[in-house]
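Residue numbering for the sequence shown follows this note's numbering, starting at 10 and increasing by one per position.
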Amino acid sequence: MNSYKHPNESRVVSTDQVLINDLNNYNTLFGGVLMKKLDNNATLSARRHARVKECVTASTDSIDFLHPIRQSDSVCIESFVSYTGNTSMEIFCKVIAEDMITGERKIAATAFLTFVALDSNKKAVKVAPIVPESTEEKFLYESGEKRAAMRRKRREHSKELTQIIGLEKPWERGDIYVC
């Protein structure tokens, strides 16, 4: 698989309204609600790029909440493959909040998620590399190796951490008192 793809081929755009059940006690969109929307969009971008039935989230590298999203806003999520490894795909997501009354738009959040495409035996498959076209795509692609290196380092740290942290339930350790 050496054929290149353009980020635009994996682009997914979804727009939704903010409902009252999506709001927290500050009358802004719950972060978890937005995280679910991001994961759904990013999954479709990964599947569109890899053209497989199943892609799994390998990591959510970052979600930066930049501006609160209110009930009067619509939420537009745009996602696309911004960088690829051998079997992994980094998906960039941007969230645009638009005040439906005034028409004012703001970047409400950005996120990077990493996915792996799977074959019918649940084994990772190679994915096509990308050739960025727009200024935004080129910037994300050129900084992609740096983010991939940070992911590898963070993953190594997580593996070390799993060797230290215990599997006991807190109330079974004897050093923690449950009220």
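All residues carry an ideal CB built from backbone N, CA and C; glycine is no exception.
Item	Value
Starting from Glu113, trace the beta strand (DSSP E) both ways and give me its first and last residue.	First-last for Glu113: undefined, no H or E at that position.
Pairs of beta-carbons, one from the stretch 15-29 and one from the stretch 49-56, closer than 8 Å: are there three or more?	yes
Identify whether Thr171 lies in helix, strand or coil by the three-state DSSP scheme.	helix
Would you report the Cα separation of Ser12 and Asn34, rounded to the nearest angstrom?	49 Å
Mind checking which residues open and close the beta strand (DSSP E) that includes Ala106?	97-108
Distance, Cα to Cα, Gly112 vs Phe74?	20 Å
Could you tell me the alpha carbon to alpha carbon distance between Glu142 and Pro16, rounded to whole angstroms?	8 Å
If you reduce the DSSP assignment to three classes, tell me which class Ile78 lands in.	coil
Is Val21 near the ligand NAD, judged by its Cβ being under 6 Å from some heavy atom?	Summarising the ligand content, the structure contains no ligands, and the ligand NAD is consequently not present.
Helix, strand or coil: which one does DSSP assign to Cys92?	Residue 92 is actually Tyr in this sequence, not Cys. Of the three classes helix, strand and coil, the one that applies to Tyr92 here is strand, per DSSP.
Alpha carbons only, please: which of Ile139, Thr119, Arg60 is nearest the one belonging to Leu190?	Here the chain comprises residues numbered 10 to 188, so residue 190 is not present and cannot be evaluated.
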